[in-house]
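Structure first, then comments.
Numbering (mature numbering (1 follows the signal peptide of the UniProt record, and there is no 0)), first residue to last: -18 to -1, 1 to 388.
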C-alpha cells in the first residue's frame, strides 16, 4: 500500500499526464525521419517534419520528453505495480536520479542523439539490478540504459572502439613476407613452403618443441573440463552456434573467455600466448579462443580453408594466421595435408610442434590465400590431440565481450 502512495506522489512530482494525447517524443515515420533530417528536411519542410519527425528534428516539447523518459524508465500511472521496488526513500532517490540523467543528459546533450530513442529499460528488474551494482555486466548495460546510465553504450561505435574503418589492422601489404623472414631469422624452424624467385609459394613453417609438456597437460585438462563434442563450422566468433557438418567428424572443445572458464587467464596459458605473440607480433587481443581438437580412429577434417569471408566485414576481421599446435605423437595417420601445393605438403603430428601459415595474401592481407586450403587426414590408429589458434586482423576479444559481432 505504501508503495502505491510513494509512486503516486512521485508521478505528481513529475507533473506529467500519462493520458495526454501526445505519445511522447517519437518519430511517426521511424525509418525515414532520420534520413530526411540528415538531408536538411527539418529546415526545408518544417510544417511536416516538426510535427511528424519530432525526435529527429529535436522539436520535442518538455511534455513530450517527460512522457518518453517515463516510458524509457518503465513506469506508468496505469500500472503502479511495475514500481513495487520503490518502497523506500533510497530507492525513490535512485529513480529521481535516473529521471534526471535521462532528461538533463540523454535528452539534452547532442552526443546522445543516436541512442536516446533506443535507450529504454527492457526489463522491469533494471533499477533493482542497478542498485545491486550489476551495471558492469554487458547484458545489464545493454538492457538497462536508463537505470545504469549507459545510454551511450548502446552506440556500437562507442561500445566497440569505433567504426570498422577506424580500428587498427594487424597487417598491411607486404607484412606477411616480413613476418616470416623474421621468424626464420629468430627461431629454429623447418621451412615447408616459401616464396622464391621461381615460384610464388605461400609461407608454411614448423617449430619443434614449441609447446611444453606442462602446457600440453593443462590444455588437455581444460578440454576435458569444457567438454568435447563434434566440431562444427563457426561464423563471427559464435562458437555456440557452430554448424555441425560431415565435412569434419573430429571432436572439439574450447579454451577461452566465452565458455565461463579461466583458461586464457591461467598464468601457464598466458605464457604460451605470449610466446605466440613473440613469434607473430600480433596482439593477443586478436586471437580467437583456442580450439582444442581430438581425433579418434576413423575421424577426419576434410579439405577446407580457415579464412571466413564474412568475418572480414566484421569488427574482428578475417583469420589472417593459423597457429596449429600438436599435443601428442600419433601412432598412425592424422597428418595435415596442404593439397593444393605442388607437390602437396604433408605434416605428421609431433608432440609440441607448432605449424604456422598465413590464410591471406601478402599483397593484400584482406583477401584469402586459397593455396593454403588443407585437410586433417583420417586417423588410422591411436588418438590425435591438437590446439588451434586463429589470429584475426583486428581485436577479437572486445567485439565478443561487448556483443559487437554482427
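Ideal Cβ positions, reconstructed from N, Cα and C, are used throughout, including at glycine.
Across the set 324, 169 and 350, the C-alpha of 169 shows the shortest separation from the C-alpha of residue 192. Within a 10 Å sphere around the beta-carbon of residue 154 sit fewer than 16 other beta-carbons, which makes this residue exposed. Residue 320 places its beta carbon less than 8 Å from that of residue 186.
Within the model, the alpha-carbon separation for residue 86 versus residue 375 is close to 40 Å. DSSP places residue 174 within a strand segment (E or B) once states are collapsed to three. Residue 151 sits in coil when the DSSP states are folded into three classes, being neither helix nor strand.
For residue 103, the closest of 246, 7, 133 and 27 by C-alpha to C-alpha distance is 133. Boundaries of the beta strand (DSSP E) around residue 358: 356 to 358. Setting aside the 5 residues that flank it on each side, residue 101 is surrounded in the same chain by 54, 88, 127, 128, 133 and 136, each with a C-beta closer than 7 Å to its C-beta; the list follows chain order. Taking C-beta separations shorter than 6 Å and ignoring five residues to either side along the sequence, the partners of residue 162 in its chain run 185, following chain order.
Shown here, residue 292 sits in a helix according to DSSP, grouped into three states. The alpha-carbon of residue 353 is positioned some 55 Å away from that of residue 110. Taking all protein chains in view, the Cβ of residue 173 is surrounded by fewer than 16 other Cβ atoms within 10 Å, so the residue is classified as exposed. For the pair residue 288 and residue 236, the CB atoms are not nearer than the 8 Å cut-off. Excluding sequence positions up to five before and after residue 367, its CB lies within less than 6 Å of the CB of 276, 309 and 310, all in the same chain and listed in chain order. Of 384, 297, 278 and 195, the smallest CA-CA separation from residue 365 is found for 278. Here the segment 199 to 209 makes no contact with the segment 259 to 267; the two share fewer than three CB pairs at distances below 8 Å. Rounded to the nearest whole angstrom, the CA to CA distance from residue 156 to residue 370 is 25 Å. Within the same chain, Cβ atoms closer than 6 Å to the Cβ of residue 38 are found at 9, 15, 16 and 19, the five residues on either side in sequence being excluded. By the beta-carbon neighbour count (other beta carbons within 10 angstroms, threshold 16), residue 351 is buried.
Inter-segment contact for the segment 316 to 331 and the segment 290 to 301 is absent: fewer than three beta-carbon pairs are separated by less than 8 Å. Per the coordinates, the alpha-carbon of residue 317 lies some 24 Å from the alpha-carbon of residue 196.
If you ignore the 5 residues before and after residue 41, its C-beta comes within less than 6 Å of the C-beta of 32, all in its own chain and listed in chain order.
Here residue 96 has 137 as same chain residues with Cβ atoms under 6 Å from its own Cβ, once five neighbours each way along the sequence are excluded. Between the alpha carbons of residue 361 and residue 213 lies a distance of about 15 Å. By the beta-carbon neighbour count (other beta carbons within 10 angstroms, threshold 16), residue 381 is buried. DSSP, reduced to helix, strand and coil, places residue 271 outside both helices and strands of the structure shown, so it counts as coil. Within the same chain, and ignoring the five residues on either side of residue 229 in sequence, the residues whose Cβ sits closer than 6 Å to its Cβ are 284.
Shown here, residue 7 sits in coil according to DSSP, grouped into three states, outside any helix or strand. Between residue 297 and residue 142 a beta carbon distance of about 6 Å is seen, short of the 8 Å cut, so the two are scored as contacting. Listed in chain order, the non-local C-beta contacts of residue 34 below 6 Å within the same chain comprise 10, local neighbours out to five positions each way being set aside. Here DSSP, grouped into helix, strand and coil, assigns residue 142 to coil. Straight-line measurement puts the Cα of residue 179 at about 24 Å from the Cα of residue 356.
For the set 158, 340 and 267, the Cα lying nearest the Cα of residue 149 is the one of 267.
Cβ-Cβ distances below 8 Å link residue 94 to 87, 88, 101, 133 and 134 in the same chain, with the five nearest sequence neighbours on each side left out; the list follows chain order.
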